[in-house]
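Below is one structure, written out as structure tokens; the observations come after it.
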Amino acid sequence: MGAPSDEDLVLAVQSGDTDSLGVLVARWEQPLFRFAFRLLQRTEDARDVCQETFLRILTRSERFRVGARFSTWMYQIALNLCRDHVRRRKRWRFLTFEADEGAVEHRVRERVEGPVSADPAASLERDEIRRAIHKALGTLAPEQREVLVLKEFEGLKFREIAEILGCPESTVKSRMYYGLTALKGALARQGVEAP
């Protein structure tokens, strides 16, 4: 018998099986952290959102609808927490989307990172492109950044993104188009050719 699905694990959590939550955390901790980090661009904030997301999965598991996808539900929770986090930051200090000193993005889409190379120049160039993309993402409107992160980095389909954001698929596609256009412009201003 194969490993239980995410949906089966949430149903087990609903029944009080906290070990199932541990399995979900092991499966989703890194993808969820990368998602939150790309939106918030601060390591500690991303960790806080991850922790709160899993806490809400535990304490509000009864809200999970049978037949729904776990990943969609989880990303909805995390996205709302990211938005709350940004609102709180705006309230207390100027909001910047510059990355924290020393913050490292854990994964970038393969087309950006490419295969591991022994060539130091190629490795340096990929690092520069990664930093430029990270900085350029910070210049986008939040709704464009959300769509780009969900589509390009998390690999979700437009339909799933529309469910997570609670808007029509056509709106998601429009945000994607304008977000990609803005991202290319931001990269061009940094002297980086868009991948």
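First residue of the sequence shown? That's 448 in the working numbering, and the numbers climb one at a time after it.
For glycine and all other residues, C-beta sits at the position ideal for the given N, C-alpha and C.
Just so it is clear, the structure is predicted and the values come from calculations on it, not from any experiment.
Should residue i and residue j be called a contact, given that it needs their Cβ atoms to be closer than 9 Å?
i: residue 579; j: residue 627; result: no
i: residue 480; j: residue 600; result: no
i: residue 456; j: residue 517; result: yes
i: residue 584; j: residue 573; result: no
i: residue 495; j: residue 475; result: no
i: residue 590; j: residue 622; result: yes
If you reduce the DSSP assignment to three classes, tell me which class residue i lands in.
i: residue 554; result: In this prediction, residue 554 has a pLDDT of 33, which is less than 50 and means its spatial position is unreliable; what the coordinates show is noted afterwards. Looking at residue 554 - three-state DSSP - the assignment turns out to be coil, as it is neither helix nor strand.
i: residue 543; result: Note that residue 543 scores a pLDDT of 36, beneath 50, so its modelled location is shaky and nothing firm can be said.
i: residue 586; result: coil
i: residue 464; result: coil
i: residue 640; result: coil
i: residue 450; result: coil
Starting from residue i and walking both ways along the alpha helix (DSSP H), at which residues does that stretch end?
i: residue 616; result: 616 to 636
i: residue 490; result: 490 to 506
i: residue 589; result: 589 to 595
i: residue 455; result: 453 to 461
i: residue 601; result: Per DSSP, residue 601 belongs to no alpha helix (DSSP H) and is neither H nor E.
Out of the options, point me to the one whose CA is closest to residue i's CA.
i: residue 486; options: 466, 511, 574, 581; result: 581
i: residue 500; options: 595, 524, 484, 520; result: 524
i: residue 467; options: 478, 451, 477; result: 451
i: residue 520; options: 629, 603, 618; result: 603
i: residue 508; options: 465, 477, 631, 619; result: 465
For the pair the segment 455 to 462 and the segment 490 to 508, tell me if three or more CB-CB distances fall below 8 Å. yes
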